[in-house]
Amino acid sequence: MPAETAGQRFLERILSAGLFEALEAGTRTFMLECSCGNKRDLWEAGGVKAAGSEQRTLARCGVCSQRTWHRKRKKTETERRQEFESGVRGRVYLSSRAWWASILVWASAALVWALPVFLIADVPEPDWALGILVATFFAGWIGPWFWLTTRYRITETTLHVDSGFFHYELDLGRITEVSEQRKSLGMSFAFDTKFLWVGYPMTFGAVLISPQERELFLRELAERCQHLHRVGDELIA
Ligand SMILES: [Zn+2]
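Structure representation (structure tokens):
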């Protein structure tokens, strides 16, 4: 979906494609709701909000024509399911993130970013100091980059798995099984202990993913993988 407002277009220009797509996916889990009851998808209303708690903002409502305080709130599970049932497909599923993984990622980034404080004090040349600053900035950013950009998307024939500089396209027809158990080693793109193991004929045997809104993800995947059938939270041949 293209950017719709100046603010969104500006972010599209300055962010990497992966970060921008993740930002849009996050924003689309929010609603903009007027006190008259009119509600819109926050992204389509031109807003941006990837995470965090409810906020209020002044906006003009297209239904009651008033300038009122609108709520920016998380969509309920029912609202997300209704979107799905009304035919929305190919949405970007962000990875679910366990609290311990969150702490690990940001604490290690903070540690790397803090390194110059200790290193620069002993550096004989000012040029080195700049080099160290730049190097540690990028090194520290690697974890959060994977963290923020890990996402999955199902199209008609393909499961796209993106994370940092990784991009995998799995041919849906060749997926052998989707299981809650790890059945072989695999490339992990899951940030949660509750993962899905996707069996696939590839070098590392499988990919591990952890989509938020797991139920909708599984329904969408089951629809597209006609050679598999769903049993509980798994797809088997
Ligand atoms: Zn209104």
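The sequence shown begins at 10 in this note's numbering and counts up by one. The beta-carbon is built from N, C-alpha and C at its ideal position, and this holds for glycine as well.
Look at residue i and residue j and say whether their C-beta atoms are less than 8 Å apart.
i    : j    : result
E243 : S197 : no
G195 : V170 : no
F29  : L20  : yes
F204 : I218 : yes
L179 : V207 : yes
P153 : W108 : no
A31  : L157 : yes
L50  : R37  : First, the residue type needs correcting, since residue 50 is Asp and not Leu in the sequence shown. Yes; because the gap between Cβ atoms is below 8 Å, this pair is in contact.
G71  : T14  : no
W122 : T145 : yes
Y161 : P210 : no
What three-state label does DSSP hand residue i in the structure shown?
i    : result
Q64  : strand
R239 : strand
E30  : helix
E42  : strand
T77  : strand
R69  : strand
R37  : coil
L217 : strand
L24  : coil
L51  : coil
M10  : Any reading at M10 is ruled out, since the residue's pLDDT is 48, under 50, leaving its predicted position unreliable.
Use the C-beta contact count for residue i: other C-beta atoms within 10 angstroms, 16 or more gives buried, fewer gives exposed.
i    : result
R22  : exposed
P125 : buried
E229 : buried
I163 : buried
L120 : exposed
K81  : buried
R18  : exposed
A246 : exposed
M10  : Only weak support exists for where M10 lies, its pLDDT of 48 falling under 50; the value from the coordinates is given anyway. That one is exposed.
C73  : exposed
R89  : buried
G96  : exposed
C45  : exposed
R314 : Residue 314 is absent from the model: the chain starts at 10 and stops at 246.
G27  : buried
Cutting at 6 Å between CB atoms, please list the residues of its own chain near residue i, excluding the five before and the five after it.
i    : result
T159 : S104, S172 and F198
R106 : F200
R239 : A231
F93  : L225
E186 : G208 and I245
D136 : none
N47  : C70 and V72
C43  : C70, T77 and H79
Leaving out five residues on either side along the sequence, give the residues of the same chain with a beta carbon under 7 Å from the beta carbon of residue i.
i    : result
L181 : T166, T167, L168, R233 and C234
Q190 : W206
F155 : S172 and G173
F39  : L51, K58, K81, R82, K83 and K84
T202 : A107
If I measure Cβ to Cβ from residue i and keep anything under 8 Å in the same chain, skipping five residues before and after, which residues do I get?
i    : result
L67  : R76, T77, W78 and H79
W150 : A118
S62  : none
F127 : none
Do residue i and ligand 3 come close, with the Cβ less than 7 Å from some heavy atom?
i   : result
T66 : With respect to ligand 3, the structure shown offers nothing to examine, as its ligands consist of ligand 1.
> Curious, which full-length beta strand (DSSP E) runs of at least 3 residues does the region 161 to 215 contain?
Replying inline: 167 to 172, 175 to 180, 186 to 188, 196 to 198 and 205 to 208
>> Suppose only complete runs of 4+ residues qualify. What are the alpha helix (DSSP H) ranges in the region 79 to 160, listed by chain order?
In response: 86 to 94, 108 to 128 and 135 to 158
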